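Residue 682 in UniProt numbering sits at position 682 of the sequence shown, with consecutive numbering throughout. A virtual CB, placed ideally from N, CA and C, is assigned to each residue, including glycine. Here the structure is a predicted model, which is why all the values come from computation and not from measurement. Notes follow the structure.
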Amino acid sequence: MNDRDDGGGRLFLVTGASGYIGGRLVPELLRAGHRVRCMARSARRLRDHPWAGEVEIVEADATDRESTRRALEGVDVAYYLIHAIGGGSGFAETDRRAARTFADAARDAGVRRLVYLGGMDPAEELSPHLSSRAEVGRIMLDAGVPAVWLRAAVITGSGSASFEMLRYLTERLPVMVTPRWVRTRLQPIAIRDVLHYLVAVADLPADVSRGFDIGGPDVLTYADMMHRYAAVAGLRRRLIIPVPLLSPGLSSLWVGGVTPVPGSLARPLVESLRNEMVCREDDIGRYVPPPPDGPTGFERAVSLALRRVRDADVATRWSSASVPGAPSDPLPTDPDWAGGSLYTDERTRTVDASAERSWTVVEGIGGDRGWYSFPLAWRVRGIVDRLVGGVGLRRGRRDPHRLRIGETVDFWRVEEIEPPRLLRLRAEMRLPGLAWLELRVTEREDGRSDFTQRALFHPRGLSGHAYWWAFKPFHDRVFGGMSRGIARAAERDRPAGAVYARRSGYRRGMDVTRSRELLGIYLNDHLAAAAGGVALARRVARGHRDSDKAERLGRLADDIAADRGALLEILTSLGLPVRRYKSLAVSVAEKAGRLKLNGGLVRRSPLSDVVELEAMTLAVEGKRAGWRTLLAVAEQEPALDTERLRLLQERANDQLAVLERLRADAVRDTFQEPSTADRAAAPLTS
């Protein structure tokens, strides 16, 4: 059957529809009135996209000639958006084989136009990544089918790997010692302009078969891009210090350590940045009209991308795509556990909330909300995974509220989701085996819900068995804590991680990510102040070692230190970063404050007791205000323990009472004239 003859208009095939570009191209083609067929290795991965009901979905592997030929039957225009970046050392061979198979199948199926989006093809020696993309472009042009190879440099758009790398480097590092590639000239292009050209070139006449450079109006170095990003994002200008010593390997480790982009993906991106990527021709303008609003400048592209990030309206994300053989790839058939081992940790609890409410918490897990238990353990596991070449924990999630099959959630990928009852995640971390996390919600007749959580592990070899048993002692803390945390979150009145109450000073409609960033800044400021408070309390206690105040001051110093520990635990339980440099700065300031009013660095001034106790009183009052703020935030943040916060607030009240008595004694001793009896009892001095 030839679909061209059914009167429905041209048929467009999109490969890589689960990826960053393909997932955005499909709705553009639908809006243009075209019929669309999507090709994927697993049709399930496209099931939850908002446009899934408007397209035809076929299963095919680009390296398999027969399935690819069937997918191309009746197709007029085929988009080849497949690339094995991050797929291991053999990615170039995988790219080559898939491109040749697809090109041959397109020719045999009578496809009228091929469209390929690749990287720039500068004259200098190319990185392996760019070289592979250029080879694929030439294969498409030699296919015997009219083809267009669009060549782009850095694509700027919410969710792209390039944009995430730029965003996190700029936001997290106010001062950067950078490799030479930050001075390489680039011509970035906005994702909306890329989509415009992808749709437009489908209408080119058959005699146009060639490559086109496409780029935005700005030619910038990577350092320029970071400075302009900082300006658009409202950040202070970044200090960038280029050095010639960082190799691509070291650079990728640096990028992987700071951004959500794992080292395996960062390395080819970094290697490509060594090549100058600037348009060598602008012929595309002679064949297709420019974007409706004209070419999008870099600052506007960043502004549009940030708006989508902050509105949690990111349509697709770089991490949505996977490569063949990834740990989260569905198995060819259901696993046959006969003769093998499957370890299970299962926990069930009744939740005093509706099934709908419980599901809201389950579907919102991960990312900024974390995993509801032992945040330090999750972070350490993510760091270890990065160190051994895995994806780590920083990938986050595309949308804070909704998930789709195939999307990533930190170092997991959604294998199955059946709202409002089942979420199954499959691990992409480096493991000696295969791992799943399954979360299930069941409605009860009494209006409550049952929550079942299963962690499954299929070990590979002796190391796999050893791995399970080595970590089993921590399961109750990690998996038990997660089960309890999810239940507690569901039992609260409002969704977990929702925008914090307006009484706490957050604007209505502010996105969750920004709210948590502000909370992180607030808590780190309090943590830094607490570090200074602990140092001051210890010093005051040491200064009265031989007085009748020693015991009270010692207990007070211990309590203040315990409060700092509690605040540190709260930060980690929320999955917020701890900014150690702030505490260090306050510690230095506290030591500088030891210059007493009498000018001595060692000797205590007559005013020392009064001044120090007043400073401690102010610090504890600030701490008490902080506990009050956290109690307000706890109404929407399930990871906060309200009972513990109330106890901490009561302890602050007790500390203030002790300090006020000590301060009153110090004022009396310093400023009031001693009695006649006191003067008589005082020892004589020469």
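What is the DSSP secondary structure of residue i, counted as helix, strand or coil?
i	result
residue 9	coil
residue 409	strand
residue 178	strand
residue 765	No answer is possible for residue 765: it lies beyond the span of the chain, which begins at 1 and ends at 686.
residue 364	coil
residue 277	strand
residue 356	helix
residue 284	helix
residue 593	Residue placement at residue 593 is poorly supported in this model, since its pLDDT is 49, which falls under 50; the coordinates still yield a value, given next. If DSSP states are grouped into helix, strand and coil, residue 593 belongs with coil.
residue 391	coil
residue 402	coil
residue 718	With the chain covering only 1 through 686, there is no way to say anything about residue 718.
residue 637	coil
residue 384	helix
residue 298	helix
residue 198	helix
residue 15	strand
residue 414	strand
residue 423	strand
residue 185	strand
residue 32	coil
Return yes when the Cβ of residue j is within less than 8 Å of the Cβ of residue i, no when it is not.
i	j	result
residue 449	residue 358	yes
residue 61	residue 44	no
residue 409	residue 366	yes
residue 406	residue 18	yes
residue 105	residue 72	yes
residue 355	residue 232	no
residue 613	residue 659	yes
residue 39	residue 26	no
residue 170	residue 241	no
residue 111	residue 136	no
residue 95	residue 132	yes
residue 533	residue 619	yes
residue 174	residue 267	no
residue 284	residue 374	no
residue 185	residue 276	yes
residue 403	residue 417	yes
residue 617	residue 663	yes
Can you name the start and end residues of the beta strand (DSSP E) that residue i belongs to?
i	result
residue 551	Looking at the DSSP string, residue 551 is not in any beta strand (DSSP E); the run it does join, the alpha helix (DSSP H), is 550-573.
residue 458	449-459
residue 437	433-443
residue 652	Careful: residue 652 lies outside any beta strand (DSSP E), inside the alpha helix (DSSP H) at 642-671.
residue 213	210-213
residue 118	113-119
residue 242	239-242
residue 351	343-351
residue 125	Here residue 125 belongs to no beta strand (DSSP E), and DSSP marks it neither H nor E.
residue 56	56-59
residue 36	35-40
residue 78	77-80
In the DSSP assignment, find the unbroken alpha helix (DSSP H) run with residue i in it and report its ends.
i	result
residue 140	128-141
residue 691	Absent from the model: residue 691. The displayed extent of the chain is 1 to 686, so no value can be given.
residue 632	608-633
residue 223	222-232
residue 369	Counting along the chain, residue 369 falls outside any alpha helix (DSSP H), and DSSP gives it neither H nor E.
residue 66	65-72
residue 483	481-491
Round the Cβ separation of residue i and residue j to the nearest angstrom and send it over; I've been treating them as touching at under 8 Å.
i	j	result
residue 163	residue 216	Actually they do not touch by this definition, with Cβ atoms about 13 Å apart.
residue 180	residue 244	5 Å
residue 149	residue 118	6 Å
residue 139	residue 103	6 Å
residue 197	residue 288	7 Å
residue 65	residue 101	5 Å
residue 363	residue 306	At roughly 25 Å, the Cβ-Cβ gap does not stay under 8 Å, so residue 363 and residue 306 are not in contact.
residue 483	residue 349	6 Å
residue 20	residue 159	6 Å
residue 80	residue 126	So it is not a contact: roughly 19 Å between Cβ atoms.
Can you determine whether any heavy atom of the ligand ATP sits closer than 7 Å to the C-beta of residue i, and answer yes or no?
i	result
residue 342	Although the ligand ATP was asked about, the structure shown includes no ligands whatsoever.
When the Cβ atoms of the stretch 377-394 are set against those of the stretch 410-428, are three or more pairs found closer than 8 Å?
Enough Cβ pairs lie closer than 8 Å, so yes.
Touching by the beta-carbon criterion (3+ pairs, under 8 Å), the stretch 460-476 and the stretch 432-440
Result yes; three or more Cβ-Cβ pairs closer than 8 Å.
Hey, is the stretch 199-215 in contact with the stretch 267-275, meaning 3+ C-beta pairs nearer than 8 Å?
no
Three CB pairs or more closer than 8 Å across the stretch 517-528 and the stretch 411-424
no
Quick one: any contact between the stretch 341-358 and the stretch 440-460, if contact means 3 or more CB pairs under 8 Å?
yes
Specify whether the stretch 534-552 and the stretch 630-639 touch according to this definition: at least 3 beta carbon pairs, one from each stretch, less than 8 Å apart.
no
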